[in-house]
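Peer 1: Input: one structure, supplied below.
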Amino acid sequence: MTPEDLSGKKVVIISDLHLGKKFNEIKFAQINSAVSPADKLIINGDLWEGFAYTLEEFLTFDWRKLFGLFKNKEAVYLYGNHDREYKNDSRTNEFSVLTSNEYDFIQNGVTFHVRHGDKLAPTLDMRLPRIAYFYWFYEIAVKIERFCIQNFGKPFLHIYRKDNEKMIAWKNTNLPKEHWLICAHSHLAVVDKENHFANSGIFEPPVATYLVVENGEVSVV
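Sequence positions in the sequence shown follow our numbering and run 62 to 282.
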């Protein structure tokens, strides 16, 4: 696929929202605030919680109030390990203009490769695929992580730094040095200019991070 030219546009890359049945007004407002200034939106995987719900269920949740905004920002939706391709269908056009496993774009002469990152740093649900079918596993894992995020904030997420290191190692082996690799999946936001690597982190208040790419420069918010 030829990289899309997004020069002159403000690109917002958001990921790991893990939206489910429970609606959160604060999270909803923060998503609106993050996405509204964008000219182009990239949802880099794990938009909805496929371990616990189906796409049909997700499309009925109150989060659908975001769909108009997403479409207005010409959202590109990349699949993650929680919302894999086989769990989605053509109804994703309710909130996106393009769905894929990867997306490349160029801005001001700089090339960006966007991947969720699950294939570069496989997690437990990928090494033991059947475990993802156990709802209790999902419930326990999510409750523990949310408790830690709410009580310890961003420092807690550094337990995932090894996943980012695996992604960087893949990038340095498989992509030209001057190209950027943009990932998600690890929940740990970072912009590493030396290795031309960035991760959008997790969007879970009070830690609700995302990336902005503008004029060929990447920043984490």
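Using N, Cα and C, we set each Cβ at its ideal position, and we do this for glycine too.
To the nearest angstrom, how far is the alpha carbon of F128 from that of F156?
Peer 2: Between F128 and F156, the C-alpha separation is close to 5 Å.
Peer 1: Among Y147, I92 and N142, which residue has its Cα nearest to the Cα of D179?
Peer 2: Ranking Y147, I92 and N142 by Cα distance to D179 puts N142 first.
Peer 1: With 16 as the cutoff for other CB atoms within 10 Å, does G69 come out buried or exposed?
Peer 2: Its Cβ having fewer than 16 others within 10 Å, G69 is exposed.
Peer 1: Where does the unbroken alpha helix (DSSP H) through F156 begin, and where does it stop?
Peer 2: Looking at the DSSP string, F156 is not in any alpha helix (DSSP H), and its letter there is neither H nor E.
Peer 1: Rounding to the nearest angstrom, what Cα-Cα distance links R207 and E265 in this structure?
Peer 2: Going by the C-alpha atoms only, they are around 8 Å apart.
Peer 1: Looking only at its own chain, which residues have a Cβ that is under 6 Å from the Cβ of W109, when we skip the five neighbours before and after it?
Peer 2: Excluding positions up to five away in sequence, the list reads L80, F119 and D144.
Peer 1: Label M228 either buried or exposed according to how many other C-beta atoms from any shown protein chain fall within 10 Å of its C-beta, with 16 as the threshold for buried.
Peer 2: Buried is the call here.
Peer 1: Do you know how far the Cα of L130 is from the Cα of Y138?
Peer 2: Taking the straight line from one Cα to the other gives about 13 Å.
Peer 1: For D165, which of helix, strand or coil comes out of DSSP?
Peer 2: D165 falls in the strand class under three-state DSSP.
Peer 1: Select from N276, K223, L249 and K204 the residue whose C-alpha is nearest the C-alpha of N169.
Peer 2: Closest by alpha carbon: N276.
Peer 1: First and last residue of the beta strand (DSSP E) that includes N93?
Peer 2: From DSSP, N93 is part of no beta strand (DSSP E) but of the alpha helix (DSSP H) over E86 to V96.
Peer 1: Since Y164 contacts I104 with CB under 8 Å, what's their CB separation in whole angstroms?
Peer 2: Going by Cβ atoms, the distance from Y164 to I104 rounds to 10 Å, so no, they are not a contact pair.
Peer 1: If we ignore side chains and look at the alpha-carbon of each, how far apart do T121 and P98 end up?
Peer 2: If you take the alpha carbons of T121 and P98, they lie about 26 Å apart.
Peer 1: Less than 9 Å separating the beta-carbons of K88 and A269?
Peer 2: Yes, the Cβ-Cβ distance between K88 and A269 is below 9 Å.
Peer 1: Cβ atoms of I75 and S280: under 9 Å apart, would you say?
Peer 2: The answer is no: Cβ separation not under 9 Å.
Peer 1: For I263, which residues in the same chain have their Cβ closer than 6 Å to its Cβ, ignoring the five residues on either side in sequence?
Peer 2: Cβ within range, chain order: D77 and H248.
Peer 1: Could you tell me which whole beta strand (DSSP E) segments of length 3 or greater appear in the region 222-257?
Peer 2: Whole beta strand (DSSP E) segments, 3+ residues: 241-244 and 251-253.
Peer 1: Let me know the secondary structure DSSP gives R125 once reduced to three states.
Peer 2: Three-state result, R125: helix.
Peer 1: Just to confirm, is the Cβ distance from G111 to A245 under 9 Å?
Peer 2: No. Outside cutoff.
Peer 1: Taking the beta strand (DSSP E) that L116 falls in, what are its first and last residues?
Peer 2: Taken as a continuous stretch (DSSP letters only), L116 belongs to no beta strand (DSSP E), being part of the alpha helix (DSSP H) at L116 to F119.
Peer 1: Which word fits F84, buried or exposed, when buried means at least 16 other C-beta atoms lie within 10 angstroms of its C-beta?
Peer 2: Counting Cβ neighbours within 10 Å, F84 comes out exposed, since fewer than 16 surround it.
Peer 1: Excluding sequence positions up to five away, which residues of its chain have a Cβ less than 8 Å from the Cβ of E239?
Peer 2: Contacts found: V171, T172 and H257.
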